[in-house]
Structure formats: structure tokens, C-alpha cells
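Engineer: Before I ask anything, here is the structure I am working with.
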Amino acid sequence: MNNDYLINPDVITWEQDILGEDFFNHTINLGIDPDGETDIVATLIRYQPQQPAKNQVAILYLHGMTDYFFHRHIAEHLYHYGIDTFAVDTRKCGRSLRAGQSAHYATDMELYFSELTTSLEIILADHHSVIPLAHSTGGLIASLWLDHLRRTRPDLHAHIAACVLNSPWLDMMAPPAVTKTLSQITRISHAHRPHVVFPGGKLSTYGESIHISEKGEWDFDLSLKPITGHVKYLGWLHAVLLGQRRIHADQIKTGVPTLVLCSTASQLNKAFNPASQRSDTVLDVRQIRMWAPFLAREVTTVQLENALHDVFLSQSAVREKALNVTTTFIQHILATKNSVEKN
1 MNNDYLINPD VITWEQDILG EDFFNHTINL GIDPDGETDI VATLIRYQPQ
51 QPAKNQVAIL YLHGMTDYFF HRHIAEHLYH YGIDTFAVDT RKCGRSLRAG
101 QSAHYATDME LYFSELTTSL EIILADHHSV IPLAHSTGGL IASLWLDHLR
151 RTRPDLHAHI AACVLNSPWL DMMAPPAVTK TLSQITRISH AHRPHVVFPG
201 GKLSTYGESI HISEKGEWDF DLSLKPITGH VKYLGWLHAV LLGQRRIHAD
251 QIKTGVPTLV LCSTASQLNK AFNPASQRSD TVLDVRQIRM WAPFLAREVT
301 TVQLENALHD VFLSQSAVRE KALNVTTTFI QHILATKNSV EKN
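Residue numbers for the sequence shown follow UniProt numbering, so the first one is 1 and each next one is one higher.
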């Protein structure tokens with residue numbers, strides 16, 4: 001147990017979570033929304049079997065856009081290896097969406113740092129090491145947050161053992177000239193009308209490939225993760241572009257060993273077809289591979305054949321490989337860390 005932080009675990013209340021047995025959640029009140037909508041909250045979820053092991057290591061899972069935490073299989077797998085799972089549904093996302101709010105709407109990626117840091121402090125009350133595991137837009141946010149912690153809160157960053165990024169969104173899926181024009185448009189809109197809807201393509205192919213009502217096997221809540229995706233706003237897109245630009249300028253470093261997972265192939269802007277179930281239909285994996293080395297001094301990129309955008313939602317053999325690669329990486333990092341500390 002770590003007593004260096006102000007959050008007392010005895011005053012944190014946990015309620016039964018929508019995932020059912022062994023999953024619990026805690027509401028983090030964040031107060032007034034700086035983006036002018038109703039008061040905001042975040043939701044911290046934990047997996048805690050009836051007789052939990054005294055694990056000192058935990059992951060902090062961070063979802064992507066049009067997403068929330070429903071990955072019971074990740075938590076169960078990691079627990080078997082002595083790793084606890086926490087996850088956060090950030091403001092206006094998943095469990096944290098409230099009346100009077102636009103789903104996933106934020107005009108600055110740094111706004112998410114508040115709930116992430118609070119979640120980290122809660123976890124550190126009874127864990128020594130934390131490993132963020134972040135997907136897609138969450139991978140971008142986690143990278144920015146870890147760099148922020150490294151520079152401003154080294155006391156907290158010292159407890160981050162590593163980072164795992166699952167298909168992180170590190171660039172726009174468009175030619176540079178198009179991205180440049182889009183940046184100019186979003187910059188103007190951000191200053192004057194950030195809540196204008198972005199008329200982007202609907203990513204229904206990916207939703208079809210994973211939900212049980214279509215071609216997939218996952219029975220997630222379509223009100224929280226609709227097949228065609230949530231509406232996206234220019235103010236939000238501006239924030240994403242700014243974050244990506246900082247990575248491209250080599251300004252962002254996680255400060256820890258970082259594992260990046262993604263598919264070997266992308267298939268973008270196409271209707272559902274058999275290849276949709278064995279490729280990334282959301283992001284360009286070539287961009288992920290190109291920008292991943294910018295994220296840290298020590299980056300390991302593993303491309304998984306036949307993986308989906310969320311590699312942990314891929315078909316059974318692929319997701320098992322993704323879980324095993326992740327577990328092996330974490331075990332290696334922890335063994336190295338323990339060896340260094342003993343010496």
C-alpha cells in the first residue's frame with residue numbers, strides 16, 4: 001500500500017458495475033464543464049474478484065472515441081498473471097455521459113488529465129506500479145498525459161512502469177495537404193464555433209465487424225458505443241490535431257518503455273467485406289508504425305496479422321496473441337524493474 005498520496009482508499013465508495021459480477025465502479029466528480037455543458041463526471045471501474053490476490057501492479061485502461069470499457073476478457077486474463085485491472089470512462093463517455101452533454105466532446109485533450117491523474121492516485125493507494133493500456137484516441141491522450149506527468153509530477157510518474165498502446169491514433173488518415181487544410185478549418189472553428197459538427201464519414205464498417213447483432217461477437221451497449229459512431233465536433237477534432245502535431249514535432253515522450261500494438265493491414269472507407277474482420281478499418285497502420293518511435297526512447301511495435309482496430313476484439317487466436325504479447329511485455333518490464341531496484 002502506498003500512503004504518499006492524499007486520497008484515502010477507505011473513503012472511496014464502489015458500486016456494482018454494469019459488467020456484473022466482480023466489477024465495480026466509482027464516480028469521480030469533476031464539477032463545472034470548461035466546455036460549457038452540464039457538470040461532468042468520470043467513472044473509474046475496477047475488476048475485483050471475491051478473493052482478490054494482493055497484487056501490486058495494475059493497468060489503467062483508457063478507451064477510444066465512440067467507446068467505453070466492456071473488455072471483461074482483458075481483466076480476467078491479466079488477473080490470472082497477478083495484474084489488476086482498472087479502467088476509466090472519461091468525461092461525457094460511456095458510463096460518464098450525462099443529460100445535456102455531447103458524447104465525447106472536449107476542446108482540449110489536456111482536460112482529460114484531471115480524471116486520469118485522480119484515477120492514478122486512487123489506484124496508487126494500494127498498488128505500487130501502474131501501466132496505462134490505451135486504445136485509439138485514448139492512446140493519443142495517454143501519451144500526452146504521461147509526458148505531462150513526466151514534466152510536472154515526477155512523483156506520480158515514478159510509479160508508471162510502462163505503457164501499452166492499442167492502435168493509437170497518431171495521425172489523420174488523409175494526405176498531408178488535406179490534413180493541413182483541415183487544421184486551418186478547425187483552428188478557425190475552435191476559436192468561434194467549436195461545437196460545429198464535423199461532416200466526416202461514418203465508421204459503420206468497424207461497428208459491423210465487432211457487434212454481435214451484425215458480423216461480430218461482442219455484445220456491447222449500442223447506446224454507449226453506436227455502430228455508426230458518435231457525432232464528432234470541429235472543436236474536438238482541433239484538439240486531436242494539436243496533440244498529434246506535438247508528437248510529430250517530437251515534443252511528447254511517455255518516459256517509460258512503450259509497447260505499441262496494431263494490425264498488419266488497413267482497409268479504410270470501404271463497406272463491410274470479409275477483409276473487414278482481419279484488418280484495421282479505422283486507422284492507417286502505416287502511420288502508427290511511422291510515428292510510434294517518436295513516443296519514447298524505448299518503443300516496441302508489434303503488428304498482429306489479421307488484427308482489428310481494437311486488437312483485443314479480434315478473432316480468438318489473434319486476441320489471445322495480443323494478450324500474451326502484452327502480458328510478456330509487462331512481465332519483462334516488471335522483472336527488469338525489480339532487478340534494478342534490488343541492486
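A virtual CB, placed ideally from N, CA and C, is assigned to each residue, including glycine.
(1) Does DSSP put T327 in a helix, a strand or coil?
(2) Would you mind stating whether Y68 and L224 have Cβ atoms separated by less than 8 Å?
(3) Ignoring anything shorter than 3 residues or poking outside the region 181-251, list the beta strand (DSSP E) runs there in chain order.
(4) Got a sec, what are the start and stop residues for the alpha helix (DSSP H) S114 sits in?
(5) First and last residue of the beta strand (DSSP E) that includes D310?
(6) Would you decide whether F329 is buried or exposed? Buried here means 16 or more other CB atoms lie within 10 Å of its CB.
(7) Decide yes or no for the touch test of the region 205-225 against the region 159-179: beta carbon pairs closer than 8 Å, at least 3 of them.
(8) Here's the rule I'm using: 16 or more other beta-carbon atoms within 10 Å means buried, otherwise exposed. How should H80 be labelled?
(9) Given a cut-off of 8 Å, decide if L295 and N166 are closer than it, judged by their beta-carbon atoms.
(10) Where do the ends of the beta strand (DSSP E) carrying G87 lie?
(11) Any contact of the region 108-117 with the region 228-246, i.e. 3+ C-beta pairs under 8 Å?
(12) Quick check on E115: buried or exposed, where buried means 16 or more other Cβ atoms within 10 Å of its Cβ?
(13) Going along the chain, which residues of its own chain have a beta-carbon closer than 7 Å to the beta-carbon of T27, five neighbours each way excluded?
(14) Specify, as a first and last residue, the run of the beta strand (DSSP E) that T258 falls within.
(15) Ordered along the chain, which non-local residues of its own chain (more than five positions away) have a Cβ less than 7 Å from that of T281?
(16) Answer with yes or no whether the minimum CB distance from Q277 to chain C is below 8 Å.
(17) When burial is assigned at 16 or more other CB atoms within 10 Å of the CB, is N3 buried or exposed?
(18) Could you check the C-alpha separation between R278 and A307 for me, to the nearest Å?
(19) Would you call the CB atoms of G255 and R150 closer than 8 Å?
(20) Classify Q16: buried if its beta carbon has 16 or more other beta carbons within 10 angstroms, exposed otherwise.
(21) Alpha carbon to alpha carbon, how far is I45 from H104? Give it in angstroms, no decimals.
(22) Counting along the chain, where does the alpha helix (DSSP H) carrying V285 start and finish?
(23) Exposed or buried, which one is P175 when buried takes at least 16 other CB atoms within 10 Å?
(24) Do you know whose CA, among W218, L234, A158, lies nearest I188's CA?
(25) Please classify N25: is it buried, with 16 or more other beta-carbons within 10 angstroms of its beta-carbon, or exposed?
(26) Let me know if I247 comes out buried or exposed under the rule of 16 or more other beta-carbons within 10 Å of its beta-carbon.
(27) Smallest Cα separation from L259: which of I212, A161, P199, N338?
(28) Compare the C-alpha of P34 against each of R72, P194, I333, S119 and name the closest.
Structural biologist: In terms of the structure at hand:
(1) Taking the sequence shown and counting its residues from 1, the one referred to as residue 327 is at position 327. Under the three-state reduction of DSSP, T327 is assigned to helix.
(2) The residue you call residue 68 lines up with position 68 of the sequence shown. The residue you call residue 224 lines up with position 224 of the sequence shown. Cβ atoms of Y68 and L224: closer than 8 Å.
(3) Entirely contained in the region 181-251, not one beta strand (DSSP E) run reaches 3 residues.
(4) In the sequence shown, residue 114 corresponds to position 114, counting from 1. It spans 113-124 - the alpha helix (DSSP H) in which S114 sits, taken as one unbroken run.
(5) Start at 1 with the first residue of the sequence shown, and residue 310 comes out as number 310. Looking at the DSSP string, D310 is not in any beta strand (DSSP E), and its letter there is neither H nor E.
(6) Taking the sequence shown and counting its residues from 1, the one referred to as residue 329 is at position 329. Buried: at least 16 other Cβ atoms inside 10 Å.
(7) With a cut-off of 8 Å, the region 159-179 and the region 205-225 do not count as touching, because too few Cβ pairs lie within range.
(8) As a working mapping, residue 80 is identified with position 80 in the sequence shown. Burial state of H80 is exposed, judged by a 10 Å Cβ sphere holding fewer than 16 other Cβ atoms.
(9) Here residue 166 corresponds to residue number 166 of the sequence shown, with the count starting at 1. Here residue 295 corresponds to residue number 295 of the sequence shown, with the count starting at 1. In this structure, L295 does not lie closer than 8 Å to N166 by Cβ.
(10) Position 87 of the sequence shown, counted from the start, is the residue given in the question as residue 87. The sequence as given places Ala at residue 87; Gly does not occur at that position. Run containing A87: 83-89, per the beta strand (DSSP E) assignment.
(11) yes
(12) The sequence position of residue 115 within the sequence shown is 115, counting from 1. It is buried - the Cβ of E115 has at least 16 other Cβ atoms within 10 Å.
(13) Taking the sequence shown and counting its residues from 1, one reaches residue 27 at position 27. V41, T43.
(14) For this step, residue 258 is matched to residue 258 along the sequence shown. 258-263 is the extent of the beta strand (DSSP E) around T258.
(15) The residue given as residue 281 occupies position 281 in the sequence shown. If we look at T281 and ignore the five residues flanking it on each side, its Cβ neighbours are T205, Y206, S209, Q267, L268, H309.
(16) Reference to chain C is not applicable here, since this structure consists of a single protein chain.
(17) Position 3 of the sequence shown, counted from the first residue, corresponds to residue 3. With a pLDDT of 46 at N3, under the threshold of 50, the modelled position of this residue cannot be trusted; read the value that follows with caution. By the 10 Å Cβ count, N3 comes out exposed.
(18) Along the sequence shown, read from residue 1 onward, the residue named residue 278 stands at position 278. Along the sequence shown, read from residue 1 onward, the residue named residue 307 stands at position 307. Between R278 and A307, the C-alpha separation is close to 5 Å.
(19) Along the sequence shown, read from residue 1 onward, the residue named residue 255 stands at position 255. Along the sequence shown, read from residue 1 onward, the residue named residue 150 stands at position 150. Yes, Cβ-Cβ distance for G255 and R150 is below 8 Å.
(20) If you number the sequence shown from 1, residue 16 lands on position 16. Burial call: exposed.
(21) Translated into positions along the sequence shown, residue 104 becomes position 104. Translated into positions along the sequence shown, residue 45 becomes position 45. If I take the Cα positions, the gap works out to 18 Å.
(22) As a working mapping, residue 285 is identified with position 285 in the sequence shown. 285-291 is the span of the alpha helix (DSSP H), which, as asked, contains V285.
(23) Reading the sequence shown from its first residue, position 175 is the one you call residue 175. Counting the other CB atoms within 10 Å of its CB gives P175 a total below 16, which places it among the exposed residues.
(24) By 1-based counting over the sequence shown, the position of residue 188 is 188. Looking at the Cα atoms, L234 is the closest of the given residues.
(25) Residue 25 sits at position 25 when you count from the first residue of the sequence shown. Buried, since its Cβ has 16 or more Cβ neighbours within 10 Å.
(26) One-based indexing of the sequence shown puts residue 247 at position 247. Buried, since its Cβ has 16 or more Cβ neighbours within 10 Å.
(27) Indexing the sequence shown from 1 puts residue 259 at position 259. Checking every option, the nearest Cα to that of L259 belongs to A161.
(28) The residue given as residue 34 occupies position 34 in the sequence shown. In terms of Cα proximity to P34, the closest of R72, P194, I333, S119 is P194.
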